[in-house]
Amino acid sequence: NAGVTQTPKFRVLKTGQSMTLLCAQDMNHEYMYWYRQDPGMGLRLIHYSVGEGTTAKGEVPDGYNVSRLKKQNFLLGLESAAPSQTSVYFCASSSPGGVYEQYFGPGTRLTVT
Amino acid sequence: GEDVEQSLFLSVREGDSSVINCTYTDSSSTYLYWYKQEPGAGLQLLTYIFSNMDMKQDQRLTVLLNKKDKHLSLRIADTQTGDSAIYFCAGRNTGGFKTIFGAGTRLFVKA
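From first to last, the protein sequence lines are chains A and B. Basically this note's numbering = 1-based index in the first sequence + 752. Basically this note's numbering = 1-based index in the second sequence + 716.
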């Protein structure tokens, strides 16, 4: 099993450009999440999904959109990138029940100039 | 909403014990976790404790939970250089969809 994979690993954007980050999981998990990690601020939840076709806002959703058209994929879109969106983005997935352990991808480092 | 706080840095010598502390605000947190993040990688679950427990031991790791003070700690015995990482405290409610993470404590282990 590959677990949770993220594409791309690194990206540099100019202000105003758009991009999509792809997250894929092969564990048949219902729940998927997008976080951003900034120094001294830990992980902040951007959006999450509790099943195929559903999405919900997290703590810092502004400037981002998401889609979950297939259970195994969760896409994060930036329509018009801003320097404040420079961050490391992590995708995670989990199943309901048990201890709700979240499995994380390796991260995408995004720089917006 | 839930808030989770932890100190940002801890430095210890190899072979000593490390104690990383965390406080949380939501008394209804049912699951409390410690995640570890190694350089350049995502987070991995290290250990967890249920809110109805006071202590959990797993090899070199000991988790203590003080529900009255809403305080969680992670003790790593015989700390090794390979333990150098960022450790995140996190909490979750039963039936909730979200896990709330602290800012992470960066552990430095000096040889």
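Glycine included, every Cβ here is placed at the ideal spot set by N, Cα and C. These numbers come from a predicted model, not from an experiment.
Going along the chain, which residues of its own chain have a beta-carbon closer than 6 Å to the beta-carbon of Ser819(A), five neighbours each way excluded? Contacts found: Leu827.
Check whether the Cβ of Ala806(B) sits closer than 6 Å to any heavy atom of the ligand NAD, and report yes or no. The ligand NAD is absent from the structure shown, which contains no ligand whatsoever.
3 or more residues per run - each beta strand (DSSP E) lying fully within the segment 812–847 of chain A: Those beta strand (DSSP E) runs which fall completely within the segment 812–847 of chain A and span 3+ residues are 816–819, 825–830 and 839–846.
Alpha carbon of Val864(A) to alpha carbon of Ser767(B), nearest angstrom: Val864(A) and Ser767(B): Cα-Cα distance of roughly 41 Å.
Going by CA-CA distance only, name the one from Thr860(A), Lys822(A), Asn753(A) and Gly768(A) that's closest to Gly815(A). Cα-wise, what sits closest to Gly815(A) is Gly768(A).
Integer-rounded CB distance, given that Gly755(A) should sit under 8 Å from Met784(A): The C-beta distance from Met784(A) to Gly755(A) rounds to 13 Å, too long to fall under 8 Å, and the pair is not in contact.
Where are the beta strand (DSSP E) runs, 3 residues long or more, that stay fully inside the segment 728–803 of chain B, in chain order? The segment 728–803 of chain B contains these whole beta strand (DSSP E) runs: 734–740, 745–753, 759–766, 771–774, 777–782 and 787–792.
Of the residues that make up the segment 769–792 of chain A, which ones have a beta carbon closer than 7 Å to any beta carbon in chain B? Per Cβ criterion, the list reads Tyr783 and Gly792.
Just verifying my parser: in three-state terms, what is the DSSP assignment at Met784(A)? Looking at Met784(A) - three-state DSSP - the assignment turns out to be strand.
Segment limits, beta strand (DSSP E) that includes Ser801(A): Gly794 to Ser801 is the extent of the beta strand (DSSP E) around Ser801(A).
Going by CA-CA distance only, name the one from Arg822(B), Ser723(B), Thr797(B) and Tyr764(B) that's closest to Thr815(B). Thr815(B) has its Cα closest to that of Tyr764(B), out of Arg822(B), Ser723(B), Thr797(B) and Tyr764(B).
Boundaries (first-last residue) of the beta strand (DSSP E) holding Phe824(B): In the DSSP assignment, Phe824(B) falls within the beta strand (DSSP E) that extends over Thr821 to Lys826.
Going along the chain, which residues of the segment 804–827 of chain B sit with their C-beta nearer than 7 Å to a C-beta in chain A? So the close ones are Phe804, Arg808, Phe813, Lys814, Thr815, Phe817, Gly818, Ala819 and Gly820.
How many angstroms separate the CA atom of Tyr751(B) from the CA atom of Leu830(A)? Here the alpha carbon of Tyr751(B) sits roughly 28 Å from the alpha carbon of Leu830(A).
Taking 7 Å as the CB-CB limit, is Leu762(B) close to chain A? For Leu762(B), the answer is no, since every Cβ of chain A falls outside 7 Å of its Cβ.
I'd like to know if Leu780(B) contacts chain A, where contact means its C-beta is closer than 7 Å to some C-beta of that chain. Cβ-Cβ to chain A under 7 Å: no for Leu780(B).
Under the three-state reduction of DSSP, which class applies to Val864(A): helix, strand or coil? Annotated three-state conformation of Val864(A) is strand, per DSSP.
The beta strand (DSSP E) with Met771(A) in it runs from where to where? Met771 to Gln777 is the span of the beta strand (DSSP E), which, as asked, contains Met771(A).
Return the residue from the list Pro848(A), Ser847(A) and Phe842(A) that minimises the CA-CA distance to Ala757(B). By alpha-carbon distance to Ala757(B), the top candidate from Pro848(A), Ser847(A) and Phe842(A) is Phe842(A).
Quick one: using the 10 Å Cβ neighbour count with 16 as the cut-off for buried, is Asp774(B) buried or exposed? The Cβ neighbour count for Asp774(B), taken over all protein chains shown within 10 Å, is under 16; the residue is labelled exposed.
Step through the CB atoms of chain B and report whether any lies within less than 7 Å of the CB of Phe856(A). Nearest CB-CB separation between Phe856(A) and chain B: below the 7 Å threshold.
If you drop the 5 nearest sequence neighbours on each side, which residues of the same chain put their C-beta closer than 8 Å to that of Glu721(B)? Contacts found: Cys738, Thr739, Tyr740, Gly818 and Ala819.
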